[in-house]
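Residue numbers (our numbering), protein chains in the order written: chain A, 5 to 418; chain B, 1181 to 1414. Here a beta-carbon is modelled for each residue, glycine too, at the ideal position from N, C-alpha and C.
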């Protein structure tokens, strides 16, 4: 109601300094939330986009999640049966009938698949040894399954076809070797194969782990290097809808038995950190708001004490306890709303300022400057938190104000 | 319209009636403020409650004016029992039928005189905003406060503030005006002005005024004198 609002405004105007301080408290809380949220969400989105771009959405490996059950365990499932000293069966490694499985998986709508052979490799150039992972690919399929081609900063994917023993290396690998595009280096594997290979492409994905340890060659060549002809040990899938990855991975694993990881599972550690990051962000800004709420509690308690006579007179004039309560809750609400608006401005300014900072980061990912994400949700959430906190902080003294018994005040004043 | 209601009320029904009213202040040592009061105030009466300090004058006024509830006994306003009503309903009656003037003017310091007078009207919302303003200005004019309408209470003299408080008490055209030592903080001249106004409210406008005072000269001007000693009418 207008009248109650007018009275509330009058009280706040009377305590300008305290009101401004509380407003700043709320504003800073909201502002920091918006700036931090933009920064973190920007980083997280960038990282997730990168992962989705660069790594497979689902990867099937030639391994099993759990060791196979022994017959006795299967028979007495859940029983107190233990079997020790079981020697694992010496199976040939690799995905059985890999090509047929790729063909089968491609039949799923919105799914592209490709078979790989992945193994350890040591690259030698001059006096330098660099170990890494070599992945055998088929360029024409790779185009459909990953964005590797876009990440090449030198050379081309098709060079693998045109150059015998061609090799695509990550920028970090090339840097560590001190080798450049076109240089011939020596590749060694645990199978005892030694090949002279030529660098025909250098890629930079922005994900440090890949750029520093990954090299690609033709699938056939990888099979030679590992001495495993016709074997694939990875099948990678790319989906049109990345959110289906987890569910599809579970289905694939159930069908084929091989361990199948969605990108979420493969990057669990990092995605887990994001959850903690968000928790830290909410609690930090929450703490600022709690402090601001104490400030609001403080002014409104003071106003209530100072205005007991006014409260008594309002009540004797015919204002109800509810009206009086509303007046003081409205004061908190006003500070909350004004603080939130101030915070929006501060937050927007801070994000803009962050955007201009020049900063090179090399951690999980490589990036220049802060990657910022502007979302109306940050503004809405922070404003709701601020207004809620301010209103609640005002509610407690407001209830006290509502309980003022006018006769007590008038009697003691007279 | 309220004035019409005042005129139309049957003469026989008193505006206010107390039946065996006792008010005890609870506590480790209960204090009896007023004891077994029976009282009828006819309409259009100027009543003065007198008595020594601590005799229970103000307590009686608070009971009559619905600010306080009796421990036992009954309060009737225009023949209607009001003790059973909720606090909100009693607040509504205070707003629309009763007016208050206190020893300390109790104006809201953040509002101008005009806004203070309009406060009960805006709460009651019986009039259009423009009509409220016109009525408030008219009330201030009647109390010779034309120049003070847009001043804050801090800029007014004690007598002016008390007259603004009276204007505010009249805002919703009340049937009864209660005054608690309204001249306590005023000099003789201003005190006389306040009582002149009260007399006019009773004689010309047909309202009732109930005032607490310890000034025997002023009390002598009231048609009905209620003298209280130790919580009893004597």
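Taking the alpha-carbon of residue i as reference, which of the options has the nearest alpha-carbon?
i	options	result
residue 1298 of chain B	B/1284, B/1315, B/1283 and B/1290	B/1315
residue 1383 of chain B	B/1225, B/1233 and B/1399	B/1225
residue 261 of chain A	A/26, A/42, A/41 and A/64	A/64
residue 1370 of chain B	B/1388, B/1340 and B/1386	B/1340
residue 1160 of chain B	B/1289, B/1311, B/1275 and B/1329	Nothing can be reported for residue 1160 of chain B, as the shown portion of chain B is limited to 1181 through 1414.
residue 57 of chain A	A/388, A/263, A/251 and A/241	A/241
residue 329 of chain A	A/36, A/33 and A/399	A/399
residue 129 of chain A	A/91, A/95, A/184 and A/77	A/184
residue 1 of chain A	A/131, A/143, A/113 and A/108	This structure cannot settle anything about residue 1 of chain A, because the visible part of chain A is limited to 5 through 418.
residue 131 of chain A	A/339, A/182 and A/244	A/182
residue 250 of chain A	A/39, A/7 and A/61	A/61
residue 337 of chain A	A/295, A/393, A/179 and A/265	A/393
residue 308 of chain A	A/52, A/278, A/402 and A/191	A/402
residue 162 of chain A	A/146, A/39 and A/177	A/146
residue 27 of chain A	A/78, A/220 and A/339	A/339
residue 186 of chain A	A/415, A/343, A/164 and A/287	A/164
residue 1238 of chain B	B/1214, B/1222, B/1259 and B/1223	B/1214
residue 36 of chain A	A/189, A/341 and A/352	A/352
residue 1326 of chain B	B/1332, B/1318 and B/1333	B/1318
residue 211 of chain A	A/52, A/355, A/246 and A/103	A/52
residue 206 of chain A	A/32, A/180 and A/405	A/180
residue 323 of chain A	B/1247, B/1236 and B/1227	B/1247
residue 1244 of chain B	B/1227, B/1307 and B/1301	B/1227
Quick test of your reading: residue i and residue j, contact by CB under 8 angstroms. State the CB separation rounded to the nearest angstrom.
i	j	result
residue 172 of chain A	residue 201 of chain A	Contact doesn't hold; Cβ gap of about 10 angstroms is too wide.
residue 1354 of chain B	residue 1278 of chain B	5 angstroms
residue 74 of chain A	residue 87 of chain A	5 angstroms
residue 1292 of chain B	residue 1251 of chain B	In fact, because the Cβ distance is near 41 angstroms, the residues do not count as touching under 8 angstroms.
residue 30 of chain A	residue 390 of chain A	5 angstroms
residue 1219 of chain B	residue 1197 of chain B	7 angstroms
residue 39 of chain A	residue 354 of chain A	4 angstroms
Can you list the residues of chain A that residue i reaches, using a CB-CB cut of under 9 angstroms?
i	result
residue 1416 of chain B	As shown, chain B starts at 1181 and ends at 1414. That puts residue 1416 of chain B outside it, with no answer to give.
Which residues of chain A have a Cβ atom closer than 7 angstroms to the Cβ of residue i, listed in chain order?
i	result
residue 1272 of chain B	322
residue 1275 of chain B	321 and 322
residue 1282 of chain B	414
residue 1263 of chain B	The contacting residues do not exist; residue 1263 of chain B stays about 15 angstroms from chain A at best.
Can you tell me whether residue i is buried or exposed, with buried defined as 16 or more other CB within 10 angstroms of its CB?
i	result
residue 155 of chain A	buried
residue 1368 of chain B	exposed
residue 5 of chain A	exposed
residue 1230 of chain B	buried
residue 412 of chain A	exposed
residue 1391 of chain B	buried
residue 1414 of chain B	exposed
residue 1185 of chain B	Legend: pLDDT at residue 1185 of chain B = 47, less than 50; position of this residue unreliable, no value from coordinates given.
residue 135 of chain A	exposed
residue 1402 of chain B	buried
residue 1183 of chain B	Residue placement at residue 1183 of chain B cannot be trusted, given a pLDDT of 47 that sits under 50; what the coordinates show is reported in the next sentence. It is exposed - the Cβ of residue 1183 of chain B has fewer than 16 other Cβ atoms within 10 Å.
residue 1296 of chain B	buried
residue 360 of chain A	exposed
residue 85 of chain A	exposed
residue 235 of chain A	buried
residue 68 of chain A	exposed
residue 1200 of chain B	exposed
residue 267 of chain A	buried
residue 327 of chain A	buried
residue 1360 of chain B	buried
residue 298 of chain A	exposed
residue 91 of chain A	exposed
residue 1283 of chain B	buried
Strictly below 8 angstroms CB to CB, what residues from chain B border residue i?
i	result
residue 14 of chain A	1288, 1290 and 1291
residue 17 of chain A	1290
Quick one: list the residues of chain B neighbouring residue i, beta-carbon separation under 7 angstroms, in chain order.
i	result
residue 411 of chain A	1242, 1247 and 1248
residue 317 of chain A	1286
residue 415 of chain A	1238
residue 314 of chain A	1288
For a cutoff of 8 angstroms on Cβ pairs, would you count residue i as touching chain C?
i	result
residue 1299 of chain B	The structure shown contains no chain C; its protein chains are A and B.
Note down, in chain order, every chain A residue with its Cβ under 8 angstroms from the Cβ of residue i.
i	result
residue 1267 of chain B	324 and 325
Whole alpha helix (DSSP H) runs in the stretch 19-88 of chain A with 4 or more residues, listed along the chain? 20-58 and 75-79
Could you tell me which uninterrupted alpha helix (DSSP H) segments, each at least 4 residues in length, are contained entirely in the stretch 1199-1269 of chain B, listed from first to last along the chain? 1237-1244
Enumerate, from N- to C-terminal direction, the unbroken alpha helix (DSSP H) stretches of 4 or more residues contained entirely within the stretch 211-297 of chain A. 212-217, 223-230, 249-260 and 267-270
Go through the stretch 1274-1302 of chain B residue by residue and report every complete run of the alpha helix (DSSP H) that reaches 4 residues or more, in order. none
Continuous beta strand (DSSP E) assignments of at least 3 residues falling wholly in the stretch 341-399 of chain A: 364-366 and 370-372
Going residue by residue through the stretch 1310-1351 of chain B, where are the continuous alpha helix (DSSP H) segments of at least 4 residues, counting only ones entirely within it? 1338-1349
Tell me the start and end of each unbroken beta strand (DSSP E) in the stretch 1377-1405 of chain B that is at least 3 residues and wholly inside, in chain order. Runs found: 1388-1392.
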